[in-house]
Amino acid sequence: MDNSHGVPVIETARVLLRPHRIQDFDAYAAMWSDPVVTRFIGGKPRTREESWMRFLRHAGLWSLLGYGFWAIEEKATGRFVGEAGFHDLKRDMAPSIEGVPEAGWALAPAVHGAGLATEIVRRVHEWGDLQFGHARTVCIIDPGNTASLGVAIKCGYSEVVRTLYHDAPTILLERRPRAAAEDVAET
Numbered sequence: 578m579d580n581s582h583g584v585p586v587i588e589t590a591r592v593l594l595r596p597h598r599i600q601d602f603d604a605y606a607a608m609w610s611d612p613v614v615t616r617f618i619g620g621k622p623r624t625r626e627e628s629w630m631r632f633l634r635h636a637g638l639w640s641l642l643g644y645g646f647w648a649i650e651e652k653a654t655g656r657f658v659g660e661a662g663f664h665d666l667k668r669d670m671a672p673s674i675e676g677v678p679e680a681g682w683a684l685a686p687a688v689h690g691a692g693l694a695t696e697i698v699r700r701v702h703e704w705g706d707l708q709f710g711h712a713r714t715v716c717i718i719d720p721g722n723t724a725s726l727g728v729a730i731k732c733g734y735s736e737v738v739r740t741l742y743h744d745a746p747t748i749l750l751e752r753r754p755r756a757a758a759e760d761v762a763e764t
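Here the numbering used here is used: position 173 in the sequence shown is 750, and no number is missing along the way.
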């Protein structure tokens, strides 16, 4: 049975970005139960049940929106090491980002600090630039998450506003593809 749900496979030098597979779930649940991973994403480790609900939404995003999150597979080992991509979660926040592709990424602690996030997020945005054209993308990041803020800035994001999401401080950042920025500069 093909479970790709129309998800393209893309790659970087070190990883494959591919559809989530049922075989990924144990590693996925383990990653999301790790306090190092969730410290800045939700603030608390997820239960296996919470991880399952999140895991299931990946196929739905791709089938309904034509974009979503990829599972990240390390080429050298074949192991699941995280996820990255775009979603629209209809977040209850101000300003609203509903309808705007929101980038996100999370990596297992075993691969933190190796520059992998920047490599992956750049590749995801190359794909996004082709899919979304001149549309902006956004991301939200906890102000204390200096590593992810650094990745976002390296990948072309800039701060829009500091706001709250679920009563927690959050930075909303946006990125406009280079071609769109050049078009604006020419007018």
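Note that CB positions come from ideal geometry on N, CA and C, so glycine has one too. Bear in mind that the values here come from a model prediction, so they are computed numbers and not experimental data.
Beta-carbon proximity list for residue i, same chain, < 8 Å, skipping 5 on both sides
i	result
Arg-631	Trp-609 and Arg-623
N- and C-terminal bounds of the beta strand (DSSP E) containing residue i
i	result
Glu-751	745–752
Val-737	735–742
Val-715	714–718
Ala-680	679–684
First through last residue of the alpha helix (DSSP H) which encompasses residue i
i	result
Gly-705	693–709
Ser-673	Unbroken run through Ser-673: none, as it is neither H nor E.
Val-584	From DSSP, Val-584 is part of no alpha helix (DSSP H); its letter is neither H nor E.
Ala-729	723–731
Status (buried if at least 16 other CB within 10 Å, exposed otherwise) for residue i
i	result
Glu-588	exposed
Ala-687	exposed
Thr-723	exposed
Arg-598	exposed
Trp-647	buried
Val-701	buried
Ser-725	buried
Asp-706	buried
Ser-673	exposed
Sequence-distant residues of its chain with Cβ nearer than 7 Å to residue i (five each side left out)
i	result
Gly-676	Asp-665
Ile-618	Ala-683
Trp-729	The question names Trp, but residue 729 is Ala in the sequence shown. Excluding residues within five positions, the ones whose Cβ falls inside 7 Å are Cys-716, Ile-718 and Leu-750.
Pro-754	Asp-706 and His-711
Residue i Cβ short of 6 Å to the ligand MG heavy atom set
i	result
Gly-727	The ligand MG is not part of the structure shown, which contains no ligands of any sort.
Own chain partners of residue i with C-beta closer than 6 Å, once the 5 adjacent residues on each side are dropped
i	result
Arg-752	Thr-714, Gly-733 and Tyr-734
Pro-720	Pro-746 and Ile-748
Assumed close pair residue i, residue j - CB separation to whole angstroms, cut-off 8 Å
i	j	result
Lys-667	Thr-695	Actually they do not touch by this definition, with Cβ atoms about 28 Å apart.
Phe-657	Asp-601	5 Å
Gly-662	Gly-681	7 Å
**Report entry** Runs of alpha helix (DSSP H) lying entirely within the region 615–667, each at least 4 residues, in chain order
**Finding:** 625–642
**Report entry** alpha helix (DSSP H) runs contained entirely in the region 588–618, provided each spans 4 or more residues
**Finding:** 602–609 and 612–615
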